[in-house]
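Per our numbering, the very first residue in the sequence shown carries number 58; after that it's consecutive.
See structure below.
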Amino acid sequence: MLGLDISSTSVKLLELSRSGGKYRVESYGVEPLPENAVVEKNISDVEGVGEAIARLIERSKTKIKLAAVAVAGSAVITKTIEMPANLSEDELESNLRAEADQYIPYPLEEVALDFEVQGLSPRSDEQVEVLLAACRRENVEMRQAALELGGLKAKVVDIEAHCMQRAFDLVRAQFTGAGDEDQIIAIIDIGATMTTLSVLSNSGAPYTREQLFGGKQLTEEIQRRYSLSVEEAGLAKKQGGLPDDYESEVLQPFKEAVVQQVTRSLQFFYSSSAFDDVDHIILAGGTSSIEGLADMVAAKLGTPTSIANPFVNMTLSAKVNAVNLHNDAPAMMIACGLAMRSFD
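Printed below as a string of structure tokens:
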């Protein structure tokens, strides 16, 4: 399957193959989306997204027609419930459907449901813990429709935080100490409009929280200060060539704002969990590749901070541009977690 990450400003595609436990990037691409085609992780322009997917498929030259996509953690309700261990899968499903309305605040006909048995309950050998996940059906159907317009079929709809966790397993080995399973890892994904904190510990599902903040704020400030169009500001942000005062007057205050957001997100996590510290911070998303940002976060919070790159130990096919992939790597974590679903 292709991993297809539909974010607020672009669609990212990744195709992986695997042999003997080693991954290889077969194709990849990033295609910008029309303005406001996706607003706060919801697709509002299905055709615009579908056309971007079609362009991406053509440019990446992939032959694969099945894809995995993800919905935002904030769009999904998850609940761990206990069920008798002796039920068959069908019995489990009908029991869950009968009980689901206790946990889900929407009419069941408007909801897409799934579940997974997590294992025996720690309280009783006769019960199993079942993870129930539910999402508004329209969230899933909009993604399916956009994929179909782009010539693909949605085979899997995942949750972004779980994709992050899967991709992080590739990143984990790169950090001394972060290879330790007991470590608490905070992944901060700074996209164009949303910053998502996912905290991974070995005690089950990731904690996730979204905040409205992202790289678009920097683009808008460049636009405003230097009277540029959106496209020009976006390019200048990536390629440079802005006046001398850019570093001190625009970039530095934005970096400080990012550090503040990271601090605030972690504060929220500490106040709603039993933790008061994390062992390692991983920055992901397009904004994380701003030079010096990881050092600034590490200095302010006193926590080792690294930039995510899930491709470090992968080989690349001849049609993949290594420099582009390296630059886009921090923003490809969700696409990578989705592409890895091919090997489940």
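A virtual CB, placed ideally from N, CA and C, is assigned to each residue, including glycine.
Fill in: K120 burial status per 10 Å Cβ neighbour count (16 or more: buried)
The residue labelled residue 120 in the question sits at position 63 within the sequence shown. Classification of K120: exposed, given that the 10 Å Cβ count is below 16.
Worksheet item: From which residue to which residue does the alpha helix (DSSP H) around G107 run?
Response: For this step, residue 107 is matched to residue 50 along the sequence shown. Residues 103 to 117.
Worksheet item: Counting only beta-carbon atoms, is D226 nearer than 8 Å to chain C?
Response: Any reference to chain C falls outside this structure, which holds one protein chain only.
Discussion item. On the CB-based measure, 16 or more other CB atoms within 10 Å of its CB, does Y264 come out buried or exposed?
Written reply: Counting from one through the sequence shown, the residue named residue 264 turns up at place 207. Y264 should be labelled buried.
Item to complete: Measure the C-alpha to C-alpha separation of I364 and M390 and round it to an integer number of angstroms.
Response: Residue numbering aside, residue 364 sits at position 307 when the sequence shown is read from its first letter. Residue numbering aside, residue 390 sits at position 333 when the sequence shown is read from its first letter. Rounded to the nearest angstrom, the two C-alpha atoms are 11 Å apart.
Worksheet item: Hey, is the segment 313 to 327 in contact with the segment 346 to 357, meaning 3+ C-beta pairs nearer than 8 Å?
Response: yes
Worksheet entry | Span of the beta strand (DSSP E) around L170 | Reading the sequence shown from its first residue, position 113 is the one you call residue 170. Start and end: 168 to 177.
Fill in: C-beta atoms of K212 and M58 nearer than 8 Å
Translated into the one-based positions of the sequence shown, residue 212 becomes position 155. Translated into the one-based positions of the sequence shown, residue 58 becomes position 1. With contacts defined by Cβ atoms closer than 8 Å, K212 and M58 form a contacting pair.
Worksheet item: What residues in its chain sit with their C-beta under 6 Å from that of L123, if we drop five residues either side in the sequence?
Response: Your numbering for residue 123 matches position 66 in the sequence shown. Here the set comprises M58, K210, K212.
Practice prompt. Between the Cα of T360 and those of P91, D215, F311, F232, spot the shortest distance and give me the residue it belongs to.
Written response: By one-based count along the sequence shown, residue 360 stands at place 303. Checked all of P91, D215, F311, F232; the closest Cα to T360 is F232.
Worksheet item: How big is the Cα-Cα spacing for S151 and L170?
Response: Within the sequence shown, residue 151 is the residue found at index 94, counting from 1. Within the sequence shown, residue 170 is the residue found at index 113, counting from 1. Here the alpha carbons of L170 and S151 stand approximately 12 Å from one another.
Worksheet entry | CA nearest to the CA of V369, picked from L308, P387, K376 | Taking the sequence shown and counting its residues from 1, the one referred to as residue 369 is at position 312. Considering only alpha carbons, the answer is P387.
Worksheet item: Are the Cβ atoms of A190 and T135 separated by less than 8 Å?
Response: As a working note, residue 190 is residue 133 in the sequence shown. As a working note, residue 135 is residue 78 in the sequence shown. Contact flag set, yes.
Worksheet item: Is it right to say E148 is buried, meaning 16 or more other beta carbons lie within 10 angstroms of its own, or is it exposed?
Response: In the sequence shown, residue 148 corresponds to position 91, counting from 1. Exposed is the call here.
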